[in-house]
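Participant: Questions regarding the structure given below will be posed in turn.
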Amino acid sequence: MASVRLENLRKEFGSVVAVKELTLHFPDKKFAAILGPSGCGKTTTMNMIAGLETPTRGFIYFDDRCMNDVPPGKRNVGFVFQNYAIFTHMTVAENIGFGLKIRGVDEATIRREVGKIAELLELTDMLPMNAGRLSVNDMQKVALGRSMIVKPRIFLLDEPFSNLDAAFRAYMRGELKRIQREIGQTMIYVTHDQVEAMSMADYIAVMDFGVLQQFGTPDEIYNQPVNLFVANFIGSPNMNFIPCYFHSQNGQGYLVQKHGNARILLDDRRRQLLERHPGNQDLIWGVRPEHLTLHAEPSQPEYLRATVRFLEPLGPKTVVHLELGDQDTIKVIAHPSYREKTGTVQWIEINPKYLHIFDAKTGLAIR
Ligand code: ATP
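Residue numbers (numbering that gives the first Met the number 0): 0 to 366.
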C-alpha cells in the first residue's frame, strides 16, 4: 500500500482548467473520497493519479516516489469505474483470476487467491457461473474482485456504484468499507453523492470548479465547513443560510437578520471576533435543520418567531419549512408526528454551539 501526495497539480484541456493547483495528501491504508458536483475535476484527478492523463503542471507521489514519468501499467493501481469492465464470456472465477493469469501465476495460486477474494466479496457460490449471466450488481462485485486480486498499492474507484439499484448501493457501501478496513487498502473513491462520501470515507476532499475547498474527516467537513460551498454541499436537507449583520449594544454582540427582526446573542469570543472583522455588516448565519428545535411558546427570550409554511413528512422525521421575517425561509427537523398547520406561529431555539457565521462577500467561515 502507499500514500498518495499531489503537489500543485494542474490539468488544462485547451482553455478549460479541469484541476487547479491541487495539493493533497491521501494517507496510506485509509479510505479517502473526492467529493464534488459534476465537472469539478474529480475524474481528471483520478486519471492523473492512475497515469491515464498527464498533468499540465505539478507532481504526483506514491509515498516518496514521484510518479509523473511512471507509465500507468507500472504504477500498480487498481481502477474500478461506473461501467464494470468484465469479460462476459468467462466464468466469474476466470474473471477474478485474470490479472494473475496474465502475470503468469500458477494455477494453484490463482485458485487459492480467487477463493479468498470470492469469500471476501461473498461470490463463492457464483465462481463457476458465466459472468454474462450475472445481475448488474454482481457484475460490479466481480469488477471489484478483478482489481483487488492483484493487490494494487492504490485502489481508485470512480462512482463505481452509480449504476446499481438503491438498496444494493447502500449494501455495497457497507461492504466496501468493511473490505477496506479488513485488508487495510489505500482507497480513493470519487463521488458526487455526499452520503456515500460521509458514510464510507476516513477523509474527504471537497472540490468545486477544479479547486480544493476543504480536506478533512467527515466530522470536520460536517461540523466545521470552511466556506459556504462546503456548508451547503454537505447535509440533507441542506444548511439554513440567513443574511445578517453584526450589531453591538451595551457590551453585547448580536447577529441581526437583514430581512426581519431575528436577533441572535453571541458569546464573548464570537462578539470579539466579529468586532474585528471588516466585513461584519455583510454576514450570513448558517445552522443545520437538525440543530434547531421548535417550541409552541416563547418560553426563552432568545427564541426566534417564525411561521409554518409547509411540512415535508419523510417517515423517520418531518422537515418543517417556516418563514422567518419577510423573505427568509428556514427548515427545521421535527418529530415524525409533527403536524402543525400552515400559518401556525412557532418559536425556534438555536443551539449556539452549532451556529456558523460566514462572510457574505468571500463566502469564508469566520471562526
Ligand atoms: P463528473 O462527475 O460529471 O464526471 P468530474 O468532477 O469528474 O465530473 P471531470 O470529468 O474531471 O469532472 O471534468 C472536469 C472539467 O474538465 C469539466 O469541465 C470537463 O468538461 C472537462 N474535461 C474533462 N475531460 C476533458 C477532455 N478530455 N477534454 C476537454 N475537457 C475535458
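Each residue gets a CB set at the ideal place from its N, CA and C atoms; glycine is no exception. Small disclaimer: the values here were computed from a predicted structure and weren't measured.
Within this structure, are the beta carbons of K28 and T185 separated by less than 8 angstroms?
Facilitator: Position 29 of the sequence shown holds residue 28. Position 186 of the sequence shown holds residue 185. For K28 and T185, yes; Cβs fall inside 8 angstroms.
Participant: For I33, count neighbouring C-beta atoms within 10 Å of its own C-beta (all shown protein chains included) and say buried if the count is 16 or more, exposed if not.
Facilitator: The residue you call residue 33 lines up with position 34 of the sequence shown. That one is buried.
Participant: Helix, strand or coil for S247? Go by DSSP, reduced to three states.
Facilitator: In the sequence shown, the residue the question calls residue 247 occupies position 248. Strand.
Participant: Cβ-heavy atom distance between N37 and ligand 1 below 7 angstroms?
Facilitator: The count along the sequence shown starts at 1 and reaches residue 37 at position 38. The sequence shown places Ser at residue 37, rather than the Asn named in the question. At least one heavy atom of ligand 1 is nearer than 7 angstroms to the Cβ of S37, so yes.
Participant: Taking 7 angstroms as the cut-off, is the CB of G40 close to at least one heavy atom of ligand 1?
Facilitator: The residue you call residue 40 lines up with position 41 of the sequence shown. Yes.
Participant: Using only the heavy atoms of ligand 1, determine whether one of them is closer than 7 angstroms to the beta carbon of T43.
Facilitator: Position 44 of the sequence shown, counted from the first residue, corresponds to residue 43. Indeed, a heavy atom of ligand 1 lies less than 7 angstroms from the Cβ.
Participant: Reducing DSSP to helix, strand and coil, say where G173 ends up.
Facilitator: Start at 1 with the first residue of the sequence shown, and residue 173 comes out as number 174. Helix, per DSSP.
Participant: Just list the residues that DSSP pairs D327 with in beta bridges.
Facilitator: Mapped onto the sequence shown, residue 327 falls at position 328. Answer is L323, bridged to D327.
Participant: Smallest Cα separation from I332: which of A359, P315 and L8?
Facilitator: On the sequence shown, residue 332 is found 333 positions in, with the first residue counted as 1. That would be P315, whose Cα lies nearest to the Cα of I332.
Participant: Using 10 angstroms around the beta-carbon of D137, count the other beta-carbons present and answer buried if the total reaches 16, otherwise exposed.
Facilitator: Residue mapping note: residue 137 aligns to position 138 of the sequence shown, counting from 1. Counting Cβ neighbours within 10 Å, D137 comes out buried, since at least 16 surround it.
Participant: Quick one: what's V76 bridged to in DSSP?
Facilitator: To locate residue 76, count along the sequence shown from 1; it is residue 77. In the DSSP output, where bridge partners are listed per residue, V76 has I153.
Participant: Under a Cβ-count criterion, where at least 16 other Cβ atoms within 10 Å of its own Cβ denotes burial, should F160 be classed as buried or exposed?
Facilitator: Within the sequence shown, residue 160 is the residue found at index 161, counting from 1. By the neighbour-count rule (16 or more Cβ atoms within 10 Å), F160 is buried.
Participant: Would you identify the three-state DSSP class for K19, choosing helix, strand or coil?
Facilitator: Counted from its first residue, the sequence shown places residue 19 at position 20. Strand, per DSSP.
Participant: Alpha carbon to alpha carbon, how far is F357 from G250? Give it in angstroms, no decimals.
Facilitator: Position 251 of the sequence shown, counted from the start, is the residue given in the question as residue 250. Position 358 of the sequence shown, counted from the start, is the residue given in the question as residue 357. So the two alpha carbons sit approximately 22 angstroms from each other.
Participant: What do you reckon, are the CB atoms on V369 and V141 nearer than 8 angstroms?
Facilitator: Since the first residue shown for the chain is 0 and the last is 366, residue 369 is missing from the structure and cannot be characterised.
Participant: Is any heavy atom of ligand 1 found at a distance shorter than 7 angstroms from the C-beta of A32?
Facilitator: Numbered from its first residue, the sequence shown carries residue 32 at position 33. No, the Cβ of A32 stays beyond 7 angstroms of every heavy atom of ligand 1.
Participant: Might you give, ordered along the chain, the residues of its own chain that have their beta carbon closer than 6 angstroms to the beta carbon of A117, omitting 5 neighbours on each side?
Facilitator: As a working mapping, residue 117 is identified with position 118 in the sequence shown. T123 and L126.
Participant: Can you give, in chain order, each stretch of the beta strand (DSSP E) that sits fully within the region 60 to 129 and has at least 3 residues?
Facilitator: Entirely contained in the region 60 to 129, the beta strand (DSSP E) runs reaching 3 residues are, in chain order, 76 to 79.
Participant: Within the region 162 to 243, note down every full alpha helix (DSSP H) run reaching 4 residues or more, in order along the chain.
Facilitator: Counting whole runs of 4 or more residues, the region 162 to 243 contains the alpha helix (DSSP H) stretches 165 to 182, 193 to 199, 217 to 222 and 227 to 232.
Participant: Measure the beta-carbon distance from V363 to A204 and round it to whole angstroms, keeping in mind my assumption that it falls under 8 angstroms.
Facilitator: Along the sequence shown, one-based indexing puts residue 363 at 364. Along the sequence shown, one-based indexing puts residue 204 at 205. Note that residue 363 corresponds to Leu in the displayed sequence, not to Val. The Cβ separation is near 18 angstroms, so there is no contact.
Participant: Could you tell me whether the Cβ atoms of M66 and V189 are closer together than 8 angstroms?
Facilitator: As a position in the sequence shown, residue 66 is number 67, starting the count at 1. As a position in the sequence shown, residue 189 is number 190, starting the count at 1. Against a cut-off of 8 angstroms, the Cβ pair of V189 and M66 comes out as no contact.
Participant: What residue does the beta strand (DSSP E) around I48 start on, and which one ends it?
Facilitator: Reading the sequence shown from its first residue, position 49 is the one you call residue 48. Per DSSP, I48 belongs to no beta strand (DSSP E); it is in the alpha helix (DSSP H), K41 to A49.
Participant: Give me the DSSP bridge partner(s) of R304.
Facilitator: As a first step, residue 304 must be located in the sequence shown, where it is residue number 305. Bridge partners of R304: W346.
Participant: What does the alpha-carbon distance come out to for the pair A49 and N279?
Facilitator: As a first step, residue 49 is located in the sequence shown; it is residue number 50 there, counting from the start. As a first step, residue 279 is located in the sequence shown; it is residue number 280 there, counting from the start. Each residue's Cα considered, the two are about 45 angstroms apart.
Participant: Which residue from E219, Y221, L273 and N226 puts its Cα closest to that of Y244?
Facilitator: Locating residue 244 in the sequence shown gives position 245, counting from the first residue. Among E219, Y221, L273 and N226, the Cα nearest to that of Y244 belongs to L273.
Participant: Grab me the residues of L21's own chain with a C-beta within less than 6 angstroms of its C-beta, minus the 5 sequence neighbours each way, in chain order.
Facilitator: One-based indexing of the sequence shown puts residue 21 at position 22. The answer, listed in chain order, is L5, L8 and L211.
Participant: Could you tell me the alpha carbon to alpha carbon distance between R262 and G285, rounded to whole angstroms?
Facilitator: Numbered from 1 along the sequence shown, position 263 holds the residue referred to as residue 262. Numbered from 1 along the sequence shown, position 286 holds the residue referred to as residue 285. Their Cα atoms are separated by approximately 13 angstroms.
Participant: What's the gap between the Cα of I233 and the Cα of Y221?
Facilitator: As a working note, residue 233 is residue 234 in the sequence shown. As a working note, residue 221 is residue 222 in the sequence shown. Taking the straight line from one Cα to the other gives about 6 angstroms.
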